[in-house]
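Asker: Using the UniProt record's numbering, you'd call the opening residue of the sequence shown number 1 and step up by one each time.
The beta carbon of each residue, even a glycine, is placed where N, CA and C say it ideally should be.
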Amino acid sequence: MLQELINETEVCVCIDGGIARDDQSAIENKLLSLVNDSKCNIVITSGGVSMGNRDFIKPLLEKIGTVHFGRMLMKPGLPTTFATVHKDNQQNTLSTLVFALPGNPVSCYVTFHLLVLPAIWKIAGLPTRRWTLPP
Numbered sequence: 001m002l003q004e005l006i007n008e009t010e011v012c013v014c015i016d017g018g019i020a021r022d023d024q025s026a027i028e029n030k031l032l033s034l035v036n037d038s039k040c041n042i043v044i045t046s047g048g049v050s051m052g053n054r055d056f057i058k059p060l061l062e063k064i065g066t067v068h069f070g071r072m073l074m075k076p077g078l079p080t081t082f083a084t085v086h087k088d089n090q091q092n093t094l095s096t097l098v099f100a101l102p103g104n105p106v107s108c109y110v111t112f113h114l115l116v117l118p119a120i121w122k123i124a125g126l127p128t129r130r131w132t133l134p135p
């Protein structure tokens, strides 16, 4: 779903990082390789951000970057996390934006449209679009 939503923007290229095993070191290795990829300005994850004992994304982002928020007061989307991580852990390099979205498909869809899509438009130099309700 996320790959198709990104492709629909027609302003960026989606690099599919695949599925990481539900293992802390596998997730850390996968996330670090994507964050440090020179072609990645934004990394989007889905799942692993809630409060379970196998939800490793938020603690990992706290370890390797700066978490700007780790929960949102909205449903769907409560466990959404946003962080920035410097490439190669060098403070003087550009930061990669990391959006850790919920694994629930509806929550993921909503938070993508509210948070990730405006970031993509901003990075692409496009004007931010206003949300309107259908008539």
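When we look at the beta-carbon of Gly77 and count the other beta-carbons within 10 Å, is it buried (16 or more) or exposed?
Answerer: Numbered from its first residue, the sequence shown carries residue 77 at position 77. Label assigned to Gly77: buried.
Asker: Threshold first: 3 residues or longer. Then list the beta strand (DSSP E) segments lying entirely within the UniProt domain "MoaB/Mog" (1–122), N to C.
Answerer: 42–46, 66–69, 81–86 and 95–101
Asker: What separation, rounded to the nearest whole angstrom, lies between the Cα atoms of Thr132 and Val11?
Answerer: The sequence position of residue 132 within the sequence shown is 132, counting from 1. The sequence position of residue 11 within the sequence shown is 11, counting from 1. Looking at the two C-alpha atoms, the distance is approximately 22 Å.
Asker: Would you mind sorting Val13 into buried or exposed? The rule is 16 or more other CB atoms within 10 Å of its CB.
Answerer: As a working note, residue 13 is residue 13 in the sequence shown. Val13 is exposed by the Cβ-count criterion.
Asker: Under 8 Å Cβ to Cβ from Thr45, same chain only, skipping five residues before and after it: list those, please.
Answerer: As a first step, residue 45 must be located in the sequence shown, where it is residue number 45. Leu31, Ile57, Val98, Phe99, Ala100 and Leu101, listed in sequence order.
Asker: Going by other Cβ atoms of all chains shown within 10 Å of its Cβ, with 16 needed for buried, is Gly125 buried or exposed?
Answerer: Within the sequence shown, the letter at position 125 stands for residue 125. Flag for Gly125 reads exposed.
Asker: Counting C-beta neighbours from all protein chains within 10 Å, is the total for Pro79 16 or more, i.e. buried, or is it exposed?
Answerer: Mapped onto the sequence shown, residue 79 falls at position 79. By the neighbour-count rule (16 or more Cβ atoms within 10 Å), Pro79 is buried.
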